[in-house]
Amino acid sequence: MSRMRIVYTVVIAFALAFPYITPDPDFWVSSGGARALWLGVTALSMSFLNRNLGLMSLGQLFFSGVTGYIVAISSVYHNVKFGTSVPLGIIAGTLSGVIIGYIALKTKGVYFFMLTLAVTLGLYSFANQAQEITHGHTGINSIPSPIIFGIDFAYTKPLYYLFLAIAVILYVVCKFLESTSFGIAIKGVRDNEDRMISMGYRTMPLKMIAFVFSSFIASISGVMGVFYVTNISPDSVGLLRAIDLLVIVVVGGAPYLGGAFVGAVLIAVFEAIIQDFTQYYVAATGILFIVVLMLAPQGLMGITAQIRARRSSKANSS
Amino acid sequence: MANPIDLPPASLLVYRYRYKAEYPGGGVSMTQFIFTFLNGITLAGLYFLVASGLTLIFGLMRVINLAHGAFYLLAGYVSWTIADKTDNWFYGALAGSLTLGVFGTLVYVLLLRKFQYEELRVALITLGVSLVLAQAMLAIFGGEYYQTNIPKNLSKSVPIPGFELSYPFFRIFVLILAILVAVGLWIFISKTRYGAIIRAGVDDTSMVSALGINVQAVFIWIFFLGSVLVGFAGAVGATTNSFGMGTDGDYLLFSLQVVIIGGLGSIGGVAIGSFLVGVIGQFATGYFPTYAGIITFTMLILVLAFRPQGILGRKQ
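Taken in order, these protein sequences are the chains called A and B. Position one of the first sequence corresponds to residue -18 (our numbering), numbered consecutively onward. Position one of the second sequence corresponds to residue 161 (our numbering), numbered consecutively onward.
Listed below in structure tokens is the structure:
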């Protein structure tokens, strides 16, 4: 465990110092750091579900989209203060997780994946059509930045540290939840639901709690998205964004909580760099995604474990 | 993140039929009702063509192809290009179907076959394929919208009996095609020897191989057939609706809605799903344009609340 402590210390120290040690801070603190933290938190909500329930959900964009739209609409068109609109948005996003979870958790595996993809694409198509509410394709622009205790989060550094704090807190809460008896029970459901049922557990409430908690994380990332991008449009919940998130989770390592942030940093850096070389960086990301899926399905975090497993299986066979 | 692909409003997908008051007989509301219904069932025909390939491949091989929308769009571009060059709609449709058949088979053999029994991994790989395809198509064809011309001998209107109205024949033709494909698929799978081999190969691969049948070849043919179907659907859809970037996501959504509601893997389920999504979607768009998405969505949630496996789906 002490080795993990060293890793955590190094990562946190690097993240804290990052705005001061990076070259070209104007670009990298925003396009690298803050963006990776925002996407990382959305990916964290997917990883949490994948790790503890064995389910891959694309519905996370639905929850962050619902939250994002509520915050954007209420603060831009109804002059609602962030102090009200942000909690309201997070509550609405989390509650929508109750409804979607109740339906989606009846399915498993690839059905669950397809259903949650359809849910997100459904929000995309609604956001496009409902011009009166969402302003359709153009979306809602120039969302103001929050000012908390006199700190203006329109600047990149305060925003970066705010995102860092959110990410660390959510990561710790996830880790804590996994260590509780709830966390152990939910892993039991993942591994063998029938056995848990025959042991007397009611599995649906357990699954619901995990799902709703992940939609809560996704809702928070919806707020982060609104503050980072300062606009929201149907593309924020579109197919491409959904695939982007999947790429982050899979490349980082879906079975690992930290994989969400490893993937987010990697993809943010990869896209920021490759944009200079080719305009087809989306295709490049897609190819990277396919290669990782074919060669290292456990992602970057899982590569050492994969190599070790291959070595030991070779040693066994010879 | 600046999204490189600028998606068009989904309302572009709606059949834009002007219900003019000059149509005598029935009045405006009756006319609107009739046209909305006809648009709905002919659109259901198109949805059936699109989703049948998806459900065929899944039903027989447990492989879900989420590049389905991108395949549809690619077929649209190929068939439009060929139809434009040769001035013959049927050559375009043929080229679209065959190109997709070959392309789909290549994707299966090169990328998916190795992981065929890992459903989720395959689904993820096909999403990656759709990402690459989307950008490749944007690079080649740009952001404009296209629509293939209706073949001359089919571009006429048919009168609607009982009303002094007429409706474009090509849309009816799409519905007829869908019914023909449905009947053909059903006969092929449940009545022929090949269908029996396919069904047996899915249930017990090793037993069928032991009988001397090359199951790998059977799977390749299924994937070819499923891809030809989506290729054909792309060619037809490119004629009834305009298409361009973003069309892939829209049709992926329609296909998913259709198979989730109808039940994945069942041809009959696709027929029911297409009918519901097509007709209810058109009425929702015609009468409550702002909330059309929510209405279709609510239908999907309601069906799943009572039958998680879809209306005709087998229990998982």
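Ideal placement from N, C-alpha and C gives every residue a C-beta, glycine not left out.
Suppose the cutoff is 6 Å on Cβ atoms and the five residues either side in sequence are ignored; what does the same chain contact list for Tyr183(B) look like? Locating residue 183(B) in the second sequence gives position 23, counting from the first residue. Reliability fails at Tyr183(B), whose pLDDT of 40 lies under 50, so the model's placement of it is uncertain and the value that follows must be treated cautiously. So the qualifying residues of the chain are Thr191, Leu325.
Beta-carbon proximity list for Ile349(B), same chain, < 6 Å, skipping 5 on both sides = Within the second sequence, numbered from 1, the residue matching residue 349(B) stands at position 189. Closer than 6 Å at the Cβ level, and outside the excluded window around Ile349(B), lie Gly355.
DSSP three-state call for Ala146(A): helix, strand or coil? The residue labelled residue 146(A) in the question sits at position 165 within the first sequence. DSSP places Ala146(A) in helix when its eight states are reduced to three.
Item to check | Cα-Cα separation, Pro125(A) to Leu140(A) | outcome: The residue given as residue 125(A) occupies position 144 in the first sequence. The residue given as residue 140(A) occupies position 159 in the first sequence. So the alpha carbons of these two residues sit roughly 13 Å apart.
Are the beta-carbon atoms of Arg222(B) and Tyr277(B) separated by less than 9 Å? The residue labelled residue 222(B) in the question sits at position 62 within the second sequence. The residue labelled residue 277(B) in the question sits at position 117 within the second sequence. A contact, by the Cβ cut-off of 9 Å.
Counting contacts by CB-CB distance shorter than 9 Å, is Thr266(A) in contact with chain B? Reading the first sequence from its first residue, position 285 is the one you call residue 266(A). Output row for Thr266(A): interface = yes.
The region 287 to 300 of chain B: which residues have C-beta closer than 8 Å to a C-beta of chain A, in chain order?
Leu287, Gly288, Val289, Ser290, Leu291, Val292, Ala294, Gln295, Ala296, Ala299
Does any residue of chain B bring its CB to less than 9 Å from the CB of Ser300(A)? In the structure as shown, chain A begins at -18 and stops at 299. Residue 300(A) is therefore absent and cannot be evaluated.
Checklist entry - Which of the three DSSP states, helix, strand or coil, is assigned to Ile310(A)? => result Residue 310(A) is absent from the structure shown; chain A starts at -18 and stops at 299.
Exercise for the section: Using a Cβ cut-off of 9 Å, pull out every chain A residue sitting near Thr464(B), in sequence order please. Expected result: Working through the second sequence from its first residue, we reach residue 464(B) at position 304. A small correction: the amino acid at residue 464(B) is Leu; Thr does not occupy that position in the sequence shown. Here the neighbours are Ile84, Ala85, Lys87, Thr88, Leu96.
Quiz item: Under a CB-based cut-off of 9 Å, is Leu271(B) close to chain A?
Solution: Residue 271(B) sits at position 111 when you count from the first residue of the second sequence. By this cut-off, Leu271(B) is an interface position.
Note down the Cα distance separating Glu159(A) from Ile165(A), rounded to an integer number of angstroms. Position 178 of the first sequence, counted from the start, is the residue given in the question as residue 159(A). Position 184 of the first sequence, counted from the start, is the residue given in the question as residue 165(A). Spanning the two alpha carbons is a distance of roughly 7 Å.
Exercise. What whole-angstrom Cβ distance do Thr101(A) and Leu42(A) have, given they're in contact under 8 Å?
Worked result: Counted from its first residue, the first sequence places residue 101(A) at position 120. Counted from its first residue, the first sequence places residue 42(A) at position 61. Going by Cβ atoms, the distance from Thr101(A) to Leu42(A) rounds to 5 Å, so yes, they are a contact pair.
Of the listed residues Gly82(A), Gly234(A), Ala241(A), nearest to Pro278(A) (C-alpha basis):
Taking the first sequence and counting its residues from 1, one reaches residue 278(A) at position 297. Among Gly82(A), Gly234(A), Ala241(A), the Cα nearest to that of Pro278(A) belongs to Gly234(A).
Check your understanding: Are the beta-carbon atoms of Leu226(B) and Gly103(A) separated by less than 9 Å?
Key -> Start at 1 with the first residue of the second sequence, and residue 226(B) comes out as number 66. Start at 1 with the first residue of the first sequence, and residue 103(A) comes out as number 122. Contact: no.
Margin query: Using only CA atoms, which one of Val(-12)(A), Arg183(A), Val228(A) lies nearest to Val272(A)?
Written below: Along the first sequence, read from residue 1 onward, the residue named residue 272(A) stands at position 291. Looking at the Cα atoms, Val228(A) is the closest of the given residues.
Taking DSSP as the reference, what is the three-state secondary structure of Ile194(B)?
Mapped onto the second sequence, residue 194(B) falls at position 34. Correct three-state label for Ile194(B): helix.
Exercise. Measure the C-alpha to C-alpha separation of Ile320(B) and Leu462(B) and round it to an integer number of angstroms.
Key: Counting from one through the second sequence, the residue named residue 320(B) turns up at place 160. Counting from one through the second sequence, the residue named residue 462(B) turns up at place 302. The straight-line gap from Cα to Cα measures roughly 34 Å.
Worksheet entry | Backbone secondary structure at Ala290(A) - three-state DSSP | Along the first sequence, one-based indexing puts residue 290(A) at 309. Here Ala290(A) sits in helix by DSSP.
Among residues of its own chain, excluding the 5 on either side of Thr474(B), which ones have a beta-carbon nearer than 8 Å to its beta-carbon?
For the purposes of this step, residue 474(B) is taken as the residue at position 314 of the second sequence. Just to set this straight, residue 474(B) is Arg in the shown sequence, not Thr. Excluding positions up to five away in sequence, the list reads Gly423, Gly425, Ser426.
Going along the chain, which residues of its own chain have a beta-carbon closer than 6 Å to the beta-carbon of Ala245(A), five neighbours each way excluded?
Indexing the first sequence from 1 puts residue 245(A) at position 264. These residues qualify, in order along the chain: Ala17, Leu20, Gly21, Ala24, Ile229.
Report all residues from its chain with a CB closer than 7 Å to the CB of Ala377(B); omit the five preceding and five following residues, and keep chain order. In the second sequence, residue 377(B) corresponds to position 217, counting from 1. Closer than 7 Å at the Cβ level, and outside the excluded window around Ala377(B), lies no residue.
Three CB pairs or more closer than 8 Å across the region 199 to 206 of chain B and the region 329 to 339 of chain B:
yes
Notebook entry, point to check: To the nearest whole angstrom, what separates the beta carbons of Ile421(B) and Gly470(B), a pair I think is in contact under 8 Å?
Noted result: Here the question's residue 421(B) lines up with position 261 in the second sequence. Here the question's residue 470(B) lines up with position 310 in the second sequence. Sure, about 6 Å apart at Cβ, within 8 Å.
Closest Cβ-Cβ distance between Met275(A) and chain B: below 9 Å? For the purposes of this step, residue 275(A) is taken as residue 294 along the first sequence, with counting starting at 1. Output row for Met275(A): interface = yes.
Q) Is it a yes or a no for the region 210 to 228 of chain A touching the region 38 to 52 of chain A, going by three-plus beta-carbon pairs under 8 Å? A) yes
Using a Cβ-Cβ cutoff of 9 Å, what residues of the region 105 to 138 of chain A are near chain B? List them in chain order.
Tyr105, Ser106, Phe107, Ala108, Asn109, Gln110, Ala111, Gln112, Glu113, Ile114, Gly117, His118
| Spatial distance of Tyr175(B) from Ile310(B) (CA atoms) | Counted from its first residue, the second sequence places residue 175(B) at position 15. Counted from its first residue, the second sequence places residue 310(B) at position 150. Unreliable placement is indicated for Tyr175(B), whose pLDDT of 37 sits below 50; the coordinate value is still reported in the next sentence. Spanning the two alpha carbons is a distance of roughly 15 Å.
Give the straight-line distance between the Cα atoms of Trp9(A) and Phe(-5)(A), rounded to the nearest whole angstrom.
Translated into positions along the first sequence, residue 9(A) becomes position 28. Translated into positions along the first sequence, residue -5(A) becomes position 14. Cα-Cα distance, rounded: 14 Å.
As a quick exercise: from Gly35(A), Phe107(A), Ile(-7)(A), pick the residue whose alpha carbon is nearest that of Phe448(B).
Stepping through the second sequence from its first residue, residue 448(B) is reached at position 288. Residue Phe107(A) is the option with its Cα nearest to Phe448(B).
Where the beta strand (DSSP E) containing Ile320(B) begins and where it ends:
Within the second sequence, the letter at position 160 stands for residue 320(B). It spans 317 to 320 - the beta strand (DSSP E) in which Ile320(B) sits, taken as one unbroken run.
_Beta-carbon within less than 6 Å of Ser196(A)'s beta-carbon, same chain only, minus the 5 sequence neighbours each way: which residues are those?_
Position 215 of the first sequence, counted from the start, is the residue given in the question as residue 196(A). Phe44, Thr75, Gly78, listed in sequence order.
### Task
Give the secondary structure of Tyr136(A) by DSSP, where H, G and I count as helix, E and B as strand, and everything else as coil.
For this step, residue 136(A) is matched to residue 155 along the first sequence. The answer is coil: DSSP assigns Tyr136(A) none of H, G, I, E or B.
request  = Flag this pair as yes or no: are the beta carbons of Leu272(B) and Leu234(B) separated by less than 9 Å?
outcome  = Locating residue 272(B) in the second sequence gives position 112, counting from the first residue. Locating residue 234(B) in the second sequence gives position 74, counting from the first residue. No; because the gap between Cβ atoms is not below 9 Å, this pair is not in contact.
Exercise. Is the Cβ of Ile420(B) closer than 9 Å to any Cβ of chain A?
Worked result: Along the second sequence, one-based indexing puts residue 420(B) at 260. Taking Cβ atoms only, chain A reaches closer than 9 Å to Ile420(B), which makes this a yes.
Can you tell which of Arg281(B), Glu279(B), Ser257(B) has its C-alpha closest to the C-alpha of Gly386(B)?
-> Against the second sequence, residue 386(B) aligns to sequence position 226. Comparing Cα-Cα distances from Gly386(B) to each of Arg281(B), Glu279(B), Ser257(B), the minimum goes to Ser257(B).
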